[in-house]
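A short write-up of the structure that comes next.
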Ligand code: FAD
């Protein structure tokens, strides 16, 4: 009873990035506890997913073959059943749309406390979890003496584990009757124009209110084209209807972790930063030298975007 059980996340046949990050979070916590990390893969191509997730730090993968996609009753039931068999100290689930759907049900079934949206975890005679509140303005440390416990893990906070190793895979039999389930996935509809997933982009050129008018977006489109970047934005651009919702970075948009994030005319409000602070290199262009975006930028250009962007286009063209 010092093990950790983590439940992988997948959608439409692909393991989601947060699963690779949860392997690190789970492995570190299991190390603190002196136990093993068990990874559960539920529904879909479980053998393929298990192969993708045979990573350093994982001691055993448990596959639950049932249905193709996420199902609330399946995930809640299978996670709770696996937990009862393994009797770990902790169960980690993703703080994703799926995770937020079934994690409270798991905690309720097991009658264990649930910490949501954790950005850091440690164990010191009890769980020590870090959470962010008020749009990431305040960081709180939560100490939990009760065990076992359940946690949902925020995406983009742990470095993904990529090193592949052989991990034993065990099939876990869970009797699931989909026809008796109260909720079922009927299909997928992408938010906004579903052509691009900015969460997958390696280079994002992101535009904010500094662009002033919709017509001026052409300039940023040109920069994105010559640099091979994908265009994203802050929320006011989406609220104005200039770009679709699937391009919005931030607390109420998408969380992104590109290699390069070029923020143009974006002030760096906490709600925006919450979605992009995991970028490897952050570059900011802003007329205001005191703009908060410069606090987190690796490189900053204090200048007018209408001067700087044409110069960059000329340079890269
Ligand atoms: P502004 O804050 O207006 O900044 C514009 C910047 O452009 C300024 O720094 C200015 O100096 C600079 N500028 C102006 N002209 C030029 C120029 N010619 N050249 C260069 N720089 C120039 N916001 C998000 O982005 N994503 C979210 O998901 C999100 N979720 C939210 C959720 C909640 C519950 C709330 C309350 C707010 C949320 N917001 C979100 C809004 C957020 O608080 C900010 O209002 C928003 O991020 C500001 O966008 P901005 O930086 O584009 O605009």
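In the numbering used here, the protein residues as written are 3 to 319. Where is the CB? At the ideal position from N, CA and C, for every residue including glycine. Just so we're clear, the structure is a prediction, and the values are computed from it rather than from any experiment.
Beta-carbon proximity of residue i to residue j, cut-off 9 Å
i: residue 72; j: residue 10; result: no
i: residue 45; j: residue 23; result: no
i: residue 205; j: residue 231; result: yes
i: residue 267; j: residue 302; result: no
i: residue 283; j: residue 262; result: yes
i: residue 5; j: residue 37; result: yes
i: residue 176; j: residue 80; result: yes
i: residue 2; j: residue 264; result: Examination of residue 2 is not possible in this model, given that the chain is present from 3 through 319 alone.
i: residue 280; j: residue 257; result: yes
i: residue 168; j: residue 56; result: yes
i: residue 270; j: residue 294; result: yes
i: residue 12; j: residue 60; result: no
Residue i: CB within 8 Å of a non-hydrogen atom of the ligand MG
i: residue 290; result: With respect to small molecules bound, the structure shown includes the ligand FAD and not the ligand MG.
Spatially closest choice to residue i from the options, by CA coordinates
i: residue 97; options: 120, 253, 260; result: 120
i: residue 146; options: 127, 171, 87; result: 127
i: residue 115; options: 122, 103, 91; result: 91
i: residue 35; options: 106, 219, 7, 17; result: 7
i: residue 155; options: 93, 179, 61, 207; result: 93
i: residue 199; options: 28, 248, 102; result: 248
i: residue 311; options: 291, 292, 287, 294; result: 287
i: residue 221; options: 201, 180, 26, 316; result: 316
i: residue 174; options: 273, 14, 86; result: 86
i: residue 244; options: 223, 295, 228; result: 223
i: residue 40; options: 88, 49, 54; result: 88
i: residue 240; options: 42, 273, 255; result: 255
i: residue 82; options: 58, 107, 61, 188; result: 107
i: residue 242; options: 260, 186, 233, 214; result: 214
i: residue 333; options: 111, 21, 103; result: In the structure as shown, the chain begins at 3 and stops at 319. Residue 333 is therefore absent and cannot be evaluated.
Range covered by the alpha helix (DSSP H) that runs through residue i
i: residue 239; result: 237 to 241
i: residue 51; result: 48 to 54
i: residue 111; result: 99 to 112
i: residue 259; result: Element bounds for residue 259: n/a, residue is neither H nor E.
i: residue 312; result: 307 to 318
i: residue 77; result: 74 to 88
i: residue 28; result: 19 to 35
i: residue 41; result: It is not in any alpha helix (DSSP H) - residue 41 instead sits in the beta strand (DSSP E) that spans 39 to 44.
i: residue 219; result: 219 to 229
Residue i - containing beta strand (DSSP E), residue span
i: residue 283; result: 283 to 288
i: residue 208; result: 205 to 209
i: residue 124; result: 116 to 125
i: residue 398; result: Only positions 3 to 319 of the chain appear in this structure, which leaves residue 398 out of reach.
i: residue 133; result: 129 to 135
Span separating the alpha-carbon of residue i from that of residue j
i: residue 162; j: residue 122; result: 14 Å
i: residue 331; j: residue 132; result: A query on residue 331 cannot be resolved here, the shown segment of the chain reaching from 3 to 319 and no further.
i: residue 318; j: residue 105; result: 47 Å
i: residue 216; j: residue 158; result: 31 Å
i: residue 250; j: residue 276; result: 12 Å
i: residue 77; j: residue 47; result: 15 Å
i: residue 19; j: residue 226; result: 24 Å
i: residue 64; j: residue 109; result: 20 Å
i: residue 172; j: residue 212; result: 54 Å
Proximal residues to residue i (C-beta, below 8 Å), its chain only, five neighbours per side dropped
i: residue 117; result: 129, 131, 133, 144, 146, 151, 152, 153, 154
i: residue 1; result: Residue numbering for the chain in the displayed model covers 3 to 319; residue 1 lies beyond these limits and cannot be assessed.
i: residue 183; result: 73, 74, 75, 76
Close Cβ partners of residue i (< 7 Å) along its chain, the five nearest in sequence each way excluded
i: residue 124; result: 34, 130
i: residue 228; result: 315, 318, 319
i: residue 58; result: 163, 165, 167
Cβ-based neighbour list, residue i, same chain, cut-off 6 Å, excluding 5 preceding and 5 following
i: residue 2; result: This structure leaves residue 2 out entirely; the chain is present only between 3 and 319.
i: residue 15; result: none
C-beta neighbour in chain B for residue i, strict 9 Å
i: residue 9; result: The structure shown contains no chain B; it holds only a single protein chain.
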